[in-house]
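Asker: Residue numbers 1 to 283, in the numbering used here, belong to the letters of the sequence shown in order.
For each residue, glycine too, the CB sits at the ideal point set by N, CA and C.
What you are looking at is a predicted structure, and each value in this text was computed from that prediction instead of being measured.
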Amino acid sequence: MPNAAKLITIGWQTITDSITQAQLHTMQTIKQFSKIVDYHTGLVTVLALVVVFLCRQLGFLVDLPTTLIGIAVVFPLVFSINSAYKRREDALRAFASLKGHGVALLFAHREWPEDETGHVERAGELLQRLLTAVAHHFASNGHDQTDSKRQVYALFSEFSRSHETLRAAGVPANEISRANQYLRQIIIDFERMNNIASYRTPLALRAYSRLFLNLFPLLFGPYFASIAYPAHPIAGYVVAVLYSLVLVSLDNIQDDLENPFDGVGADDLRLDVAEEYGQLVNG
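(1) Check whether the Cβ atoms of P260 and R87 sit closer than 8 angstroms, and answer yes or no.
(2) Taking only the alpha-carbon atoms, compute the straight-line gap between S148 and P202 and give it to the nearest angstrom.
(3) In whole angstroms, what is the alpha-carbon distance linking F75 and A228?
(4) Shortest alpha-carbon distance to T146 belongs to which of A133, R210, V238?
(5) Should R56 be labelled buried (16 or more other beta-carbon atoms within 10 Å of its own) or exposed?
(6) Quick check on L121: does DSSP put it in helix, strand or coil?
(7) Near Y223, what residues of its chain come up, given a Cβ to Cβ distance below 7 angstroms and the 5 sequence neighbours on each side ignored?
(8) Buried or exposed: which applies to M1, given that a residue is buried once 16 or more other Cβ atoms fall within 10 Å of its Cβ?
(9) Please work out which residues of its chain come closer than 7 angstroms, Cβ to Cβ, to F156, disregarding the five sequence neighbours upstream and downstream, and give them in chain order.
(10) When burial is assigned at 16 or more other CB atoms within 10 Å of the CB, is A108 buried or exposed?
(11) By alpha-carbon positions, which one of L269, L105, I19 ends up nearest to S177?
(12) DSSP on A169, reduced to helix/strand/coil?
(13) Note the first and the last residue of the continuous alpha helix (DSSP H) segment covering S140.
(14) I need the straight-line Cα distance from K99 to L54, nearest angstrom please.
(15) Is the Cβ-Cβ distance between A169 and P113 less than 8 angstroms?
(16) Closest to D267 by C-alpha separation, out of E258, L218, A274, would be which residue?
(17) State the CB to CB distance for the pair F95 and M27, rounded to an integer number of angstroms; the pair is presumed to be in contact (CB under 8 angstroms).
(18) Assuming Q145 is part of the alpha helix (DSSP H), what are its boundary residues?
(19) Could you give the first and the last residue of the continuous alpha helix (DSSP H) run that contains R110?
(20) Would you kindly report the start and end of the unbroken alpha helix (DSSP H) that includes G42?
(21) Between the Cα of S226 and the Cα atoms of R129, S83, L58, which residue gives the shortest distance?
(22) Answer with buried or exposed for A240, where buried requires no fewer than 16 other C-beta atoms within 10 angstroms of its C-beta.
(23) Work out the CA separation of L68 and H232 for me, nearest whole Å.
(24) Under 8 angstroms Cβ to Cβ from L218, same chain only, skipping five residues before and after it: list those, please.
(25) Could you round the C-beta distance between L77 and D251 to whole angstroms and report it? I think they count as a contact, below 8 angstroms.
(26) Cβ atoms of L213 and V73: under 8 angstroms apart, would you say?
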């Protein structure tokens, strides 16, 4: 009996934990979905409903091919989302490489010199300042980034001078060359991230998508008005709402992914890692 009671307790606890996890996942899903439903969604939805009503009042009912929606709206949106997601993945790889080579430089300052006259402390401070400067640069989000970029390159220059300090401390030339290669890769990764932030989805494609998305209720209102009318008049309104919700939500998802550095979307890069990496390398 004690074993049976224990099994019942364990089973009940498992069920309770599963329910709690399911509730958390549901709340998280609702929270994320609410972020892609905004005033634009409401505006397009209301406009679609008004157009359906007016078309029925005027008797303007047209059975349009639904493939037009895919060609005019869905395909450009999906292409833009794929492009934005690829840029986010490229930014993640570049930032990971930047951090990894930065830590490798710190370890080089710790292991290569025979003396221990503050080389690792100097490199650790430079790494934290560099990560902070990189985060500040991309957090400016479209403002004048000349000063922030100058600060980042000033830290690259300090790293280069630090390598010469290692040379003076007796580190062989081939090791200094390797350290300079690490620094070169860090600079390349930073510039790659900078290009991702500066060059986004083609403006013409975005303008095309936005234009047809806003014209969508007017263009397809007669089609929605004709659905199951007059037998089931509510059907046209329901389909119009669903199409508006789906298409505008896709556009909002693309907007969230467009700039992976702005901190607006749930999937954006977390750049404020200077303190975290300071604790990791000094731990």
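Answerer: Working from what's here:
(1) yes
(2) 26 angstroms
(3) Computed Cα separation, rounded: 27 angstroms.
(4) Minimum Cα-Cα distance from T146 among the listed residues A133, R210, V238 corresponds to A133.
(5) buried
(6) Per the sequence shown, the amino acid found at residue 121 is Glu instead of Leu. Residue state, collapsed to three classes: helix.
(7) Result list for Y223: V62, D63, L64, in chain order.
(8) Because the pLDDT at M1 is just 48, under 50, the model does not fix this residue reliably, and the value given afterwards should be weighed accordingly. By the neighbour-count criterion, in which 16 or more other beta carbons inside 10 Å mark a residue as buried, M1 falls on the exposed side.
(9) L183, I187
(10) buried
(11) Nearest to S177 by C-alpha distance, out of L269, L105, I19, is L105.
(12) Annotated three-state conformation of A169 is coil, per DSSP.
(13) Segment: none, S140 is in no alpha helix (DSSP H) and carries neither H nor E.
(14) 58 angstroms
(15) yes
(16) E258
(17) Actually they do not touch by this definition, with Cβ atoms about 30 angstroms apart.
(18) According to the DSSP assignment, Q145 belongs to no alpha helix (DSSP H), since it is labelled neither H nor E.
(19) 75-111
(20) 39-58
(21) L58
(22) buried
(23) 24 angstroms
(24) L47, V51
(25) 6 angstroms
(26) yes
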